[in-house]
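Start counting the sequence shown at 1; every next residue gets the next number (UniProt numbering).
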Amino acid sequence: MADQAAPLISRSFPKSQSAGEIQSLGHPEESQSVGIVKCNSAAQLGTLSVNGSAETKIPPGAQSPESCSCDRICCDFCLAEKVTAVKACLTCMTNYCQTHLRPHLEKPKLQSHELVDPVKDTDLRSCCLHNEPLDWFCQEDLVCLCQVCSTQLHKEHNTIPCSEARKQKEAEIHEIVSEYEWKLKSAETAIEKLDANTTSIQNSVTDARKSIDLQFEDLHSSVKKAHSKVLEFLEQREQAALSQSGGIKTHLEQKCNEMKKCKEKVEKITSYSNEFSFLQEYCEFKKSSRDDTLPSVYIGLKDKLSGIQKLISDSTTEIMELLKTSYTDSLQEFAKEEGVGIKTMVSAIVPANHRITAPEPTSREDFLQYKSPITLDPVTAHVFLRLLEDNRKVSNTAPWQHPYPNDPQRFENFRQVLSAESFYMGRHYFEVKFKGDDFHVGMTYKCIDRKGSESNSNITGNDFSWTLKWNGKEFSAWHSDVETSLKTEKFSRIGVYVNYQSGSISFYGVTDKMTLLHHFEGKFAEPLYVAFWLPKKESSVVVLSPDEMSLPLQSSSTVVTTP
């Protein structure tokens, strides 16, 4: 946000402040020549010079705020009770009291902002180049301008008065709020359907179980073993269907929470009386907007399970002679038939303005349009895995174990961890950097077994995981316990692109160009989770944040497909 807002601020303040010079925290010698304080100096929580004289110490503990009198400059964030401001941020164009200044002193991303003595609102509206009011808005650069800037530096751009710009952006915000209301209603309806279908799943399985029980009563003791296997088959399918339903519900609830927060955020923007704060917050919101495509859900099992009942009934006459093999073999073949298997049926509700399919990305700039923030879920991490950097880095610390609490979601035998976020509908892209001789990155379902020791409990050995592996010498792709060797050079930075609707997952080597390593085609039935597997000690992987992914590489990127 700071880097994007800098062009707006560079012409928003006069070069000197009547309040006096500002002392640079930790570097007092700079106060004689520069009237600006850098937050990275203030991070040590030193003494701030307020209005050139009185000094205010901001310790880690909160202090009682001083009420703002009519002759003082007030904090722009204290709306209920006016509190005297102690600093103004040139980047945020905002005056802060002691309490609201703390994030600038403690958050690394805010420590590059420039702090000065509090300034009046009239100063906030003056161009530092021409000392003219900032009454114009550039629709191309999304910055506020004075009259001179609009006719000189931005003469080729589309500029309009700030009052008109606010009207336009307020109209857009009203449309955004309406769209969020529609999406929230759709998501809540989908969740209600999932709840209703959960009961339907359980009732359908119960009905099927009763019917099968009647068939097995005729077989007495000789059929008990086969009876148990059939019930086990049904229970597995029930759990699979419930797992699908639960995973989708969890995802939709998360989307609801995100959309509620976004709705509150955009509604809050209209409350800003300061046009420039309003426009800046609006521009930041537009830049951070994400795709909120929502699903329509239908889950049905009754018709599917009736096929199982018929199968059992027809087979009863043959069971006495083929007791050991008939039920087991028939059910296995039944489960493989796509048209008869137990499935969760999901289709997307896509707004009319999004129904035209966008072309697939062909350059890194295209992929970055779909960048998604990823964090790792500590509840799933194996005890040999350590999470760092706000749960975006994981490293294998074997043989040192971490005192994680026991949890059914934690991987017990394989040193794996899942993401906290899931991908469900839409397109998504993220990048990772790895170190070590054994590294796996992939996508999988939430239902992956956490306690098993067989190959289907890791992200290379089942049919619902799609994985890229580096073994220290070469890359390989894994799916359903089948390895595909990839003849390509080593890359320490990997890009992963997911197109949920088309059922595709692609892995890229990222340098100054993008090299396609492998492409999977499939059909997804549940939300996808990012998964890492680090079998060997001292291996590590870092998930890049959206801001880190946006940093420029050496040159523009072009996709090069591996032969």
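Note that CB positions come from ideal geometry on N, CA and C, so glycine has one too. Quick caveat, the model's predicted, so the values are computed rather than measured.
Any idea which residues DSSP pairs A88 with across the strands?
N95 and V116
For Q139, which residues in the same chain have their Cβ closer than 8 Å to its Cβ, ignoring the five residues on either side in sequence?
Correct list, in chain order: H157, N158, T159, I160 and A165.
As a quick exercise: from F423, V432, N131 and L145, pick the residue whose alpha carbon is nearest that of K446.
F423
Consult DSSP for R102 and reduce its assignment to one of helix, strand or coil.
helix
In angstroms, rounded to a whole number, what distance separates the CA positions of G426 and D71?
53 Å
Quick one: what's got a C-beta closer than 8 Å to S545's C-beta in the same chain, skipping five residues either side?
P373 and R392
Whose CA, out of N396, A398 and R386, lies closest to the CA of Y404?
R386
Go through its chain and collect everything with a Cβ distance to K263's Cβ below 8 Å, but skip five positions before and after it.
V177, Y180, E181 and L184
Hey, how far is the Cα of E235 from the Cα of E172?
The alpha-carbon atoms of E235 and E172 are separated by roughly 50 Å.
Rounding to the nearest angstrom, what Cα-Cα distance links F520 and H100 in this structure?
48 Å
Under the DSSP definition of a beta bridge, which residues are partnered with H402?
H402 pairs with nothing; no bridge assigned.
From the DSSP output, read off the bridge partner residues of P161.
W136
What are the partner residues of S465, as DSSP defines its beta bridges?
DSSP lists T444 as partners of S465.
Mind checking whether I505 and W466 have CB atoms under 7 Å apart?
yes
Consult DSSP for A42 and reduce its assignment to one of helix, strand or coil.
Residue placement at A42 is flagged as unreliable, the pLDDT there being 35, under the threshold of 50; a coordinate-derived value is accordingly withheld.
Helix, strand or coil for S455, going by three-state DSSP, please let me know.
helix
I'd like the list of long-range same chain contacts for F430, defined as Cβ closer than 6 Å, with 5 residues on each side in sequence excluded.
S372, I374 and V496
Taking V230 as the reference, give the member of K210, A241, G246 and S245 with the closest Cα.
K210
Measure how close the beta-carbons of K167 and L279 come, nearest whole angstrom, since I'm counting them as under 8 Å.
The Cβ separation is near 12 Å, so there is no contact.
Which partner residues of E81 appear in the DSSP bridge assignment?
Looking at the DSSP assignment, E81 forms no beta bridge with any residue, so it has no partner.
Classify K371 as helix, strand or coil using the three-state DSSP reduction.
strand
Taking the beta carbon of Q369 as the centre, do at least 16 other beta carbons fall within 10 Å, making it buried, or is it exposed?
Q369 comes out exposed.
Would you mind working out which of S186, E81 and H251 sits nearest S419, comparing C-alpha positions?
Looking at S186, E81 and H251, the one whose alpha-carbon comes closest to that of S419 is H251.
Can you tell me which of D195, S306, H130 and S150 puts its alpha carbon nearest to the alpha carbon of D207?
S306
Is S271 buried or exposed, if buried means 16 or more other CB atoms sit within 10 Å of its CB?
exposed
Pull up the distance between the alpha-carbon of L388 and that of L534, whole angstroms please.
Approximately 15 Å between the Cα atoms of the pair.
According to DSSP, is D547 part of a helix, a strand, or is it coil?
helix
What did DSSP end up calling H428 once you bin it into helix, strand or coil?
strand
Once you ignore the five residues that flank E412 on each side, which residues in its own chain have a CB closer than 7 Å to its CB?
R450 and K451
Check the C-beta distance from L311 over to F334 and give it rounded, since I have them as a contact under 8 Å.
L311 to F334, Cβ: 6 Å. Contact.
Along the chain, where does the beta strand (DSSP E) containing E538 start, and where does it finish?
Here E538 belongs to no beta strand (DSSP E), and DSSP marks it neither H nor E.
When burial is assigned at 16 or more other CB atoms within 10 Å of the CB, is Q98 buried or exposed?
Looking at its Cβ environment, which holds 16 or more other Cβ atoms inside 10 Å, Q98 is buried.
On the three-state DSSP scale, how would you describe Y497?
strand
What separation, rounded to the nearest whole angstrom, lies between the Cα atoms of V148 and H130?
7 Å
Using the Cα positions of S273 and S150, report the straight-line distance between them to the nearest angstrom.
23 Å
So, at 6 Å on beta carbons, what are the nonlocal neighbours of F434 in its own chain, with the 5 sequence-adjacent residues on each side left out?
V541
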